[in-house]
Amino acid sequence: MDFTSGLNDRQKEAVLSIDGPLLIIAGAGSGKTRVITHRIAHMLTQGIPQSSILALTFTNKAAREMSERVRELTKKKLSNLTVSTFHAFGVQILRKTIHLLPGYRDNFSIYDQADKNALIKECARELGMAPDTLDLWEIGNIFSSVKTFRHKWDGDTKIYEKLFHEYQEHLQLYNAVDFDDLIVRPIHILQENPEVLESYRERFRYVMVDEFQDTSMAQYRLMKILSETNRNICVVGDDDQSIYSWRGANYENIINFERDFPELTEIKLEQNYRSTGNILAAANGLIAHNTNRKEKELWTGTGYGNAIEIYYPENEQREAEFITTMIRMLKSRGEIEYHDVGVLIRTNSLSATLEDAFLNENIPYRISGGTSFFQRKEIKDLISYLRIMSNPDDDMNLLRIINTPRRGIGKRTLQRIQETAQKKNCSIYSAISALRYASDSGLGEKAQTDLSDFVSLIEYYREMVFTGKGIAKTVQSLVDAVQYWPYLIGEHQKNESTARWKYANICRFIEMIAQWEETQKEEGRKASVYDYLNRITLITRDDDQDDDDGKVNIMTIHAAKGLEFSLVFLAGVEAHLVPHARAVEEDPANLEEERRLFYVAITRAREKLYITSCRSRRNMRDVLVCEPSPFLTEIPEGLIEDHIGEDELSTEDAVEALSALRAKFASGS
DNA sequence: GGGTAAGCAGTTTTT
DNA sequence: CTGCTTACCC
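Have a look at this one:
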């Protein structure tokens with residue numbers, strides 16, 4: 001089978017270069033995914049076993065899409081092909097090797113941002129550091145930088161060093177790791193255990209990394225250590241689309257890569273197959289304002305297409321109205337399907353107004369970002385129960401549910417137990433287990449019974465979930481046993497529909513677990529709680545993979561990376577949002593990254609791009625007067641149709657504008 | 001000891 | 001507006 005037909009020469013070259021280091025600089029819309037998937041397919045035809053290939057991506061979605069597309073191409077079952085995110089790959093390594101780290105067992109918990117903050121707070125309290133005077137976010141970031149080799153303790157940060165060690169010790173005590181650990185711990189394990197490293201190198205003889213511009217220093221180390229001897233490493237990226245530096249992404253990795261693998265082949269993909277000439281010219285013109293970039297110019301063989309249109313609605317409600325009206329109109333004229341449309345925003349908070357408008361207008365939409373399903377309180381509660389069943393030493397999760405729903409264990413009691421735990425240097429759960437029958441516990445009789453009941457509850461369900469009753473069944477039974485439904489009603493007395501909605505979420509959650517268990521069984525894998533928990537911690541959003549058809553996509557620009565839509569609305573393109581005031585304030589050098597972000601946004605559009613910039617916008621309490629984004633002036637003249645003179649944009653105006661547009665379409669321009 | 005009401009701060013982007 | 005902490009009351 002030939003997997004190079006239909007590709008251009010550069011793409012072909014990329015697909016056929018299997019051995020040795022390869023750097024592919026792939027501009028927006030240059031068929032990057034196509035190249036990667038075809039390359040993998042080609043490798044398989046060359047007799048390279050699936051199990052030798054490791055493809056690392058940035059998001060779960062990208063991973064899923066990639067393996068899906070390779071499967072379609074090859075029409076083979078690919079159960080041994082490893083396509084995963086860096087973090088998920090880290091989990092995979094840890095599941096096998098974490099016992100090599102002192103104090104850790106393989107039922108470890110993974111802490112997300114929220115857990116992490118809670119733990120930092122907890123540690124600060126223990127050190128007597130007045131937690132409310134601390135900026136947990138900032139500290140969290142410092143801890144991250146230190147962990148991932150980006151930062152050493154210095155004059156400014158030294159005051160947190162002690163807190164950091166406390167934090168690390170607690171993680172170990174709770175048998176827990178944070179997100180950074182998922183990358184960093186595997187590196188340490190591989191470095192310190194040559195035989196383990198050797199086995200991984202033997203296994204993964206071909207490594208590919210997608211979205212290379214967004215890899216962090218730590219991630220780079222991980223991929224490097226794996227491929228240093230085989231040297232079959234292929235990285236694909238675009239420095240112009242590097243938009244995650246705040247999370248440690250280091251576009252200099254491209255330079256590091258050239259240094260560490262000097263014999264590399266470099267291939268540039270500059271032909272754009274996605275956007276019209278106009279859109280591309282706008283994007284090129286904009287990004288040319290950045291100084292620090294690899295020179296490249298995207299080009300397209302297709303025509304210029306429609307002008308980019310900019311509108312200036314009075315406020316965010318009018319903006320939402322404009323967008324929904326446009327969509328409605330184009331849809332009713334059969335020009336678009338809902339799923340052809342992307343509405344892109346800088347911040348999640350901008351989605352609220354849009355969502356309202358879409359609901360009002362009855363336009364189906366899908367929103368990604370924001371609090372994902374798994375972050376909802378009722379779901380997190382249940383996950384915490386599962387966590388405690390699988391790893392009782394996990395104090396953070398224990399504290400979360402020890403009195404949820406209320407079972408009469410109050411803060412006083414908790415404080416006592418925590419003190420005991422601290423004294424004995426053990427987890428809260430062990431402290432309770434030891435205390436509950438002790439006569440000298442210093443606790444009241446009632447407290448003791450309540451605690452005892454709690455431990456029995458956990459033990460009962462722990463037993464249940466591990467003896468093959470199934471996770472879904474266990475959770476269902478647990479929900480009944482702790483009377484979660486009455487609890488929900490009690491919590492939302494004024495608002496029974498919220499209670500019902502939350503309960504529906506729980507049912508959906510249980511269903512999702514059941515489904516997962518089913519698939520695991522079908523594929524002949526054991527459906528262990530550990531695996532389930534590890535998996536869902538890394539899922540942030542887009543859990544509903546199947547029903548994205550027939551819906552408009554509302555998402556942040558970050559979330560839109562790697563996607564494309566025929567029609568794109570770019571909302572809230574105002575001076576304080578694009579570039580985001582906070583980002584620039586933090587460091588003026590961030591301006592270039594903000595520009596890249598805007599570049600990514602523009603290049604998502606295939607045929608038509610609407611930009612809206614509100615003249616005022618409600619921000620929490622007050623109304624802000626807004627200016628258009630300065631980036632708009634960086635788009636070359638002649639590509640834009642500016643509707644700046646048009647006063648107050650009413651729905652009728654939008655309709656009118658649309659008829660004009662329609663006329664233009666008809667005249668074939 | 002435990003629950004409740006008032007008071008207050010708040011999210012830029014995500015694995 | 002909301003969700004969380006704090007202070008207060010049962």
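Numbering (the UniProt record's numbering), first residue to last: 1 to 669.
For each residue, glycine too, the CB sits at the ideal point set by N, CA and C.
**Asked** Out of curiosity, what's the CA-to-CA distance linking S528 and N397?
**Response** Using only the alpha carbons, I get a separation of about 19 Å.
**Cβ-based burial, I635 [other Cβ within 10 Å; buried from 16]** = That one is buried.
**Request:** Measure the C-alpha to C-alpha separation of R333 and P364 and round it to an integer number of angstroms.
**Result:** 17 Å
**Straight-line Cα distance separating K121 from D115** = Near 10 Å, if we compare the C-alpha coordinates of K121 and D115.
**Request:** Please go through the same chain and pick out, in chain order, the residues whose beta-carbon is closer than 6 Å to the beta-carbon of L350, but skip the five residues on each side of it.
**Result:** G572
**Request:** Within its chain, find whatever has a CB closer than 6 Å to the CB of E258; leave out the 5 residues flanking it on each side and keep chain order.
**Result:** none
**Burial state of T85, where buried means 16 or more other Cβ atoms lie within 10 Å** = T85 should be labelled buried.
**Item:** Between the CA atoms of G524 and V623 - distance to the nearest angstrom
**Value:** 57 Å
**Prompt:** Cβ of L81 within 7 Å of Cβ of Q50?
**Reply:** yes
**Prompt:** Just the Cα atoms here: how many angstroms apart are A560 and T59?
**Reply:** 11 Å
**Item:** Cβ neighbour criterion (16 or more within 10 Å) applied to H87
**Value:** buried
**Alpha-carbon spacing of I336 relative to E593, whole angstroms** = 32 Å
**Request:** Report the option in R64, H558, D112 whose CA atom is closest to the CA atom of S368.
**Result:** H558
**Prompt:** Can you tell me whether A307 is buried or exposed, with buried defined as 16 or more other CB within 10 angstroms of its CB?
**Reply:** buried
**Prompt:** To the nearest whole angstrom, what separates the beta carbons of V236 and K32, a pair I think is in contact under 8 Å?
**Reply:** 6 Å
**Asked** Using the rule of at least 16 other Cβ atoms within 10 Å of the residue's Cβ for burial, across every protein chain shown, is K76 buried or exposed?
**Response** Label assigned to K76: exposed.
**Asked** Where does F569 fall in DSSP's three states?
**Response** strand
**Asked** Taking C-beta to C-beta, are V600 and L591 nearer than 7 Å?
**Response** no
**Message:** Measuring straight from C-alpha to C-alpha, what distance separates V209 and C234?
**Reply:** 6 Å
**Request:** With DSSP as the reference, please indicate the residues paired to M555 in a beta bridge.
**Result:** L344
**Item:** Cβ neighbours of E378 in the same chain (closer than 6 Å, five flanking residues each side left out)
**Value:** K502, N505, I506
**Message:** According to DSSP, simplified to helix, strand and coil, what is H580?
**Reply:** strand
**Request:** Throw me the rounded Cβ distance for the I510 and I383 pair, which I believe falls under 8 Å.
**Result:** Not really, about 12 Å apart at Cβ, beyond 8 Å.
**Request:** Could you check which residue in A28, I254, V35 has the C-alpha nearest to that of Q219?
**Result:** When C-alpha distances from Q219 are compared across A28, I254, V35, the shortest belongs to I254.
**Request:** Rounded to whole angstroms, what's the CA-CA distance from L7 to D214? Just pull it up for me.
**Result:** Straight-line spacing of the CA atoms in L7 and D214 works out to 26 Å.
**Request:** Let me know if I142 comes out buried or exposed under the rule of 16 or more other beta-carbons within 10 Å of its beta-carbon.
**Result:** Here I142 is buried: its Cβ has 16 or more other Cβ atoms, across all protein chains shown, within 10 Å.
**Item:** Secondary structure of S349, DSSP reduced to three states
**Value:** helix
**Asked** Can you list, in chain order, the residues of its chain whose CB lies under 6 Å from that of S227, leaving out five sequence neighbours each side?
**Response** V207, I233
**Request:** Go to T308, then tell me how far its beta strand (DSSP E) extends in each direction, as first and last residue.
**Result:** For the sequence presented, residue 308 should be read as Ile rather than Thr. Residues 308-311.
**Within the region 254-301, ranges of the alpha helix (DSSP H) (whole runs, at least 4 residues)** = DSSP runs (the alpha helix (DSSP H)) wholly in the region 254-301: 277-287.
**Inter-residue spacing [alpha-carbon to alpha-carbon] between Q317 and L639** = 27 Å
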